[in-house]
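Per the working numbering, the very first residue in the sequence shown carries number 15; after that it's consecutive. By construction, the Cβ of each residue, glycine as well, lies at the ideal position given by its N, Cα and C atoms. Here the structure is a predicted model, which means the values were calculated and not measured.
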Amino acid sequence: MKIRRAEVTRGDYETFKKMHLNFRYSEVNEVEERARNAVIKSYEDYYMYADNEWIYFAVKDNNVIGYVVITAYDDLTVKLEEVYIAKEFQRKGNGKKFVKKIIEFLRECGMPIKKVEVFSATMATDNFWAECKFRSVNGSEMFEYVM
Numbered sequence: 015m016k017i018r019r020a021e022v023t024r025g026d027y028e029t030f031k032k033m034h035l036n037f038r039y040s041e042v043n044e045v046e047e048r049a050r051n052a053v054i055k056s057y058e059d060y061y062m063y064a065d066n067e068w069i070y071f072a073v074k075d076n077n078v079i080g081y082v083v084i085t086a087y088d089d090l091t092v093k094l095e096e097v098y099i100a101k102e103f104q105r106k107g108n109g110k111k112f113v114k115k116i117i118e119f120l121r122e123c124g125m126p127i128k129k130v131e132v133f134s135a136t137m138a139t140d141n142f143w144a145e146c147k148f149r150s151v152n153g154s155e156m157f158e159y160v161m
C-alpha cells in the first residue's frame with residue numbers, strides 16, 4: 015500500500031467525493047451503521063478544505079481505496095479527522111496498513127510532530143485504534159499515538 019496527496023483537481027475531487035459521501039461510523043454489531051453529515055459537498059468546498067488540511071489517498075494496486083484528512087496544529091500535534099477505507103477493502107488489514115503508512119509519512123514529513131490524535135466514535139473503532147497502537151486519553155473517545 016502507498017499513500018499519495020490528493021490534488022486539487024476535479025478528478026481527485028470526484029475520487030474523494032465518492033468515498034466521502036459513503037463514510038460511516040461502524041457500530042459494534044457491524045450491522046447498523048451511524049452516518050455523519052458530509053463536510054465537503056462541492057468542488058469549491060473541496061478546494062478550500064484541501065487548501066487548509068492535508069488529504070491523502072490510500073492506494074493499493076494503483077487503485078484509490080481510501081483517504082485520510084489530517085489537520086496540523088501549532089503544538090506539533092496532528093489530528094486524523096477522517097480515516098476511510100472503501101467497504102469492499104475493509105476487514106482485510108487495509109485500514110491498519112493505511113494507518114501504518116500515515117504514521118510513517120508523518121515521521122518523515124520534515125515536521126517535528128509529537129503526537130497523532132483521532133476521535134473514536136464506537137467500541138469497534140476503539141478496538142481498531144488500539145490495534146494500531148493508539149491509546150485512549152483518560153478513557154475518553156480521544157485516542158493518541160505518541161511519536
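In the structure shown, what three-state DSSP assignment does Glu-28 receive?
helix
What does Phe-133 pair with, by DSSP beta-bridge criteria?
Met-156
Provide the residue(s) that pair with Ile-17 in DSSP beta bridges, ordered along the chain.
Residue pairing of Ile-17 in beta bridges, as defined by DSSP: Ala-72.
Reference Asn-139, options Phe-119, Asn-76 and Gln-104, closest by Cα:
The displayed chain sequence assigns Thr, not Asn, to residue 139. Taking only the C-alpha atoms, the option nearest Thr-139 is Gln-104.
Name the DSSP bridge partner or partners of Glu-83?
The amino acid at residue 83 is misidentified as Glu; the sequence shows Val. Val-83 pairs with Ile-69 and Glu-96.
Could you give the distance in angstroms between the alpha-carbon of Val-73 and the alpha-carbon of Met-15?
6 Å
Hey, how far is the Cα of Ile-69 from the Cα of Glu-122?
Between the alpha carbons of Ile-69 and Glu-122 lies a gap of roughly 16 Å.
Which residues mark the beginning and the end of the alpha helix (DSSP H) in which Gly-109 is found?
108-122
State the DSSP-derived secondary structure class of Thr-139, mapped to helix, strand or coil.
helix
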